[in-house]
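Q: The numbering of the sequence shown is UniProt numbering, which starts it at 1 and goes up by one.
I have a structure I would like to understand better, so I am pasting it below and will then ask my questions one at a time.
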Amino acid sequence: MVAQAWLIMGEGAIAGAAMATLGGMVLGRMRASASHVPVLARRSPSKEVSQPCLEQVMACLPAAMLVINETRGLCVVSKMAEQQFDGDLGSIVRHPAFQAKLDVVLAQKVGNTPSGRVRVILDIPRLRVVQAVLQKQSLPAELLPISMRRENTAPNAQTTLVFVDLHDETDAVVAERQHTDFVAFASHELRTPLAALLGFIETLQGPAADDPLAQKEFLEIMSQQAKRMQNLLNSLLYLSRVQMQEHQKPREAVCLADLFEQCQAEGDLLSAGLPVKVDVQPPENKSWQVAGDETQLLQVVVNLVENAIKYSLVSEKTKSGKLVSITIACHQAEEDQRWPSAAGIVLSVTDNGPGIPARHLARLTERFYRVAKTAAAVQGSGLGLAIVQHIVTRHGGRFVVESAVGQGTSCHIWLPLLPLVADPSLNCHQTVLQP
Numbered sequence: 001m002v003a004q005a006w007l008i009m010g011e012g013a014i015a016g017a018a019m020a021t022l023g024g025m026v027l028g029r030m031r032a033s034a035s036h037v038p039v040l041a042r043r044s045p046s047k048e049v050s051q052p053c054l055e056q057v058m059a060c061l062p063a064a065m066l067v068i069n070e071t072r073g074l075c076v077v078s079k080m081a082e083q084q085f086d087g088d089l090g091s092i093v094r095h096p097a098f099q100a101k102l103d104v105v106l107a108q109k110v111g112n113t114p115s116g117r118v119r120v121i122l123d124i125p126r127l128r129v130v131q132a133v134l135q136k137q138s139l140p141a142e143l144l145p146i147s148m149r150r151e152n153t154a155p156n157a158q159t160t161l162v163f164v165d166l167h168d169e170t171d172a173v174v175a176e177r178q179h180t181d182f183v184a185f186a187s188h189e190l191r192t193p194l195a196a197l198l199g200f201i202e203t204l205q206g207p208a209a210d211d212p213l214a215q216k217e218f219l220e221i222m223s224q225q226a227k228r229m230q231n232l233l234n235s236l237l238y239l240s241r242v243q244m245q246e247h248q249k250p251r252e253a254v255c256l257a258d259l260f261e262q263c264q265a266e267g268d269l270l271s272a273g274l275p276v277k278v279d280v281q282p283p284e285n286k287s288w289q290v291a292g293d294e295t296q297l298l299q300v301v302v303n304l305v306e307n308a309i310k311y312s313l314v315s316e317k318t319k320s321g322k323l324v325s326i327t328i329a330c331h332q333a334e335e336d337q338r339w340p341s342a343a344g345i346v347l348s349v350t351d352n353g354p355g356i357p358a359r360h361l362a363r364l365t366e367r368f369y370r371v372a373k374t375a376a377a378v379q380g381s382g383l384g385l386a387i388v389q390h391i392v393t394r395h396g397g398r399f400v401v402e403s404a405v406g407q408g409t410s411c412h413i414w415l416p417l418l419p420l421v422a423d424p425s426l427n428c429h430q431t432v433l434q435p
């Protein structure tokens, strides 16, 4: 199913040349393969002799390619296409934009026709942007598998096929959109405190130049706005560093028992002087380790605890005198559709705060996204959970947020466990990961 589609079509000399080259590769490989088969064998109706020809050539091509016949039947799929697109292939070839371009290509004559190019965008069940280049080619019918030939095919007959070269452009499109959104949101977030600073400076230089009380008040507000800008810039720089490292999988062994000791210290520091209790529950197994960056994993917990404290303190529960309770825990993962496998641990940060409406949960990890109802009451950059998501992704984990309005929020992080050390006398610091 396709809920929305965008279409960009064009004729390109480069794409056409590339498809002609690929088509030539297929034809050349098939002819080379066929030349090693005796003539009598090639003309034999035995399927075992003819069947491997086209499929074997397509299987070894270093490209995601499809072969479609004149009746629009999907004949052969290369191994790379199966690996890259798998369940989306049907949606791609049935897409109205693809079918429209296929009509144009099939109507053209073989030999002197440029390739057809179409971009298909699927948004169900997830965003997928695919660039497809279609090229019409003519092949000797005898080189095709028996199942693809028409009945009573003449020995020298030709058959017309459309070769389709697929390119996944999803990452590039998403990155471009994120960059555009990032610049827009960052500019907006910096513009507000900067405008406040300029306004107060103008006031101090004019009407409040000789008013000590006004100067003190304005300087305090200016200091707050400057710190807001500083925090935002620090968060942006940290997010940038995390994104640059995201493709580099961490190689250190992190002992979760040690990590939770640091979590306890950070929790005590964050809750000092506030009506907040942070309960850190040690891991069930002190030998548990994960492959990770200890500093980044600690930052994940800090961000989640900071969020829990900030949003819980402005809730009606806290205003009525109820203590904010935050729990940091770690347990063995179970067989659950939320987690990739049971061979991991789940680190959870749970609070008894106001909770988050369900409609906001899917967007919480977007940069600068904040729930409108609490955005004005809570100071923050809107980057904390985006940082968490990037760190978790780098560690090969999964981040899940569950919440109910009026009951609180639970943030869960699944991480793959390292195999336990065979010798119980060894502590987790002595584990070394091999590159």
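We treat Cβ as the ideally placed atom computed from N, Cα and C, and that holds for glycine.
No experiment lies behind these values; they were computed from the predicted model shown.
Taking the alpha carbon of A196 as the reference point, which residue from K227, A172, V183 and V276 has its own alpha carbon closest?
A: The residue you call residue 196 lines up with position 196 of the sequence shown. That would be K227, whose Cα lies nearest to the Cα of A196.
Q: Given that a residue counts as buried once 16 or more other Cβ atoms are within 10 Å of its Cβ, and exposed if not, what is P96?
A: Residue mapping note: residue 96 aligns to position 96 of the sequence shown, counting from 1. Exposed, because fewer than 16 other Cβ atoms sit within 10 Å of the Cβ of P96.
Q: Is Q332 close to the ligand ADP? I mean its beta-carbon at under 7 angstroms from any heavy atom of the ligand.
A: You won't find the ligand ADP in this model; it holds no ligand whatsoever.
Q: Under 8 angstroms Cβ to Cβ from Q178, same chain only, skipping five residues before and after it: list those, please.
A: Along the sequence shown, one-based indexing puts residue 178 at 178. Closer than 8 angstroms at Cβ, skipping near neighbours: R367.
Q: Leaving out five residues before and five after E48 in sequence, what residues of the same chain have Cβ atoms less than 6 angstroms from its Cβ?
A: By one-based count along the sequence shown, residue 48 stands at place 48. Legend: pLDDT at E48 = 41, less than 50; position of this residue unreliable, value from coordinates given subsequently. Closer than 6 angstroms at Cβ, skipping near neighbours: no residue.
Q: Could you give the distance in angstroms between the alpha-carbon of S78 and the alpha-carbon of I92?
A: Reading the sequence shown from its first residue, position 78 is the one you call residue 78. Reading the sequence shown from its first residue, position 92 is the one you call residue 92. About 15 angstroms.
Q: Helix, strand or coil: which one does DSSP assign to A291?
A: Residue numbering aside, residue 291 sits at position 291 when the sequence shown is read from its first letter. Of the three classes helix, strand and coil, the one that applies to A291 here is strand, per DSSP.
Q: Going by DSSP, which residues form a beta bridge with L233?
A: Within the sequence shown, numbered from 1, the residue matching residue 233 stands at position 233. Paired residues: none, contrary to the question.
Q: At the level of alpha carbons, what is the spacing between V162 and V290?
A: The sequence position of residue 162 within the sequence shown is 162, counting from 1. The sequence position of residue 290 within the sequence shown is 290, counting from 1. Answer to the nearest angstrom: the Cα atoms are 49 angstroms apart.
Q: What did DSSP end up calling R359 once you bin it into helix, strand or coil?
A: Position 359 of the sequence shown, counted from the start, is the residue given in the question as residue 359. Note: R359 maps to helix in three-state DSSP.
Q: Among T365, K322, I309 and Q281, which has the Cα closest to the Cα of A329?
A: For the purposes of this step, residue 329 is identified with residue 329 of the sequence shown, where counting begins at 1. Per the Cα distances, Q281.
Q: May I have the straight-line CA-CA distance separating A20 from Q135, to the nearest angstrom?
A: Residue numbering aside, residue 20 sits at position 20 when the sequence shown is read from its first letter. Residue numbering aside, residue 135 sits at position 135 when the sequence shown is read from its first letter. Any answer about A20 is weak, because its pLDDT of 48 lies below 50 and its placement is not dependable; what the coordinates show is given next. Distance between the alpha carbons of A20 and Q135: 7 angstroms.
Q: Buried or exposed: R363, going by 16 or more other Cβ atoms within 10 Å of its Cβ?
A: In the sequence shown, residue 363 corresponds to position 363, counting from 1. Flag for R363 reads exposed.
Q: Give the list of continuous beta strand (DSSP E) stretches no shorter than 3 residues that lie fully inside the stretch 151-184.
A: Runs found: 158-168.
Q: Just to confirm, are S325 and C411 a CB contact at a threshold of 8 angstroms?
A: Taking the sequence shown and counting its residues from 1, the one referred to as residue 325 is at position 325. Taking the sequence shown and counting its residues from 1, the one referred to as residue 411 is at position 411. Their beta carbons are not under 8 angstroms apart, which means S325 does not touch C411 by this criterion.
Q: Can you look up K136 in the DSSP assignment and give me helix, strand or coil?
A: Within the sequence shown, numbered from 1, the residue matching residue 136 stands at position 136. K136 falls in the strand class under three-state DSSP.
Q: For S325, list the residues DSSP reports as bridge partners.
A: Here the question's residue 325 lines up with position 325 in the sequence shown. According to DSSP, S325 bridges with K277.
Q: If you draw a straight line from the C-alpha of D171 to the C-alpha of V129, how long is it?
A: As a first step, residue 171 must be located in the sequence shown, where it is residue number 171. As a first step, residue 129 must be located in the sequence shown, where it is residue number 129. C-alpha separation (whole angstroms): 8 angstroms.
Q: Taking the C-alpha atoms as reference points, what is the distance between S187 and G353?
A: For this step, residue 187 is matched to residue 187 along the sequence shown. For this step, residue 353 is matched to residue 353 along the sequence shown. Taking the straight line joining both Cα atoms gives about 31 angstroms.
Q: Looking at the secondary structure, which residues open and close the alpha helix (DSSP H) in which G397 lies?
A: Working through the sequence shown from its first residue, we reach residue 397 at position 397. G397 -> no alpha helix (DSSP H), and no H or E assigned at all.
Q: Need the endpoints of the alpha helix (DSSP H) that P96 sits in, please.
A: Here residue 96 refers to the residue found at position 96 of the sequence shown. First-last of the alpha helix (DSSP H) with P96: P96 to A107.
Q: Helix, strand or coil: how does DSSP classify G116 here?
A: Taking the first residue of the sequence shown as position 1, residue 116 is located at position 116. The answer is strand: DSSP assigns G116 an E or B state.
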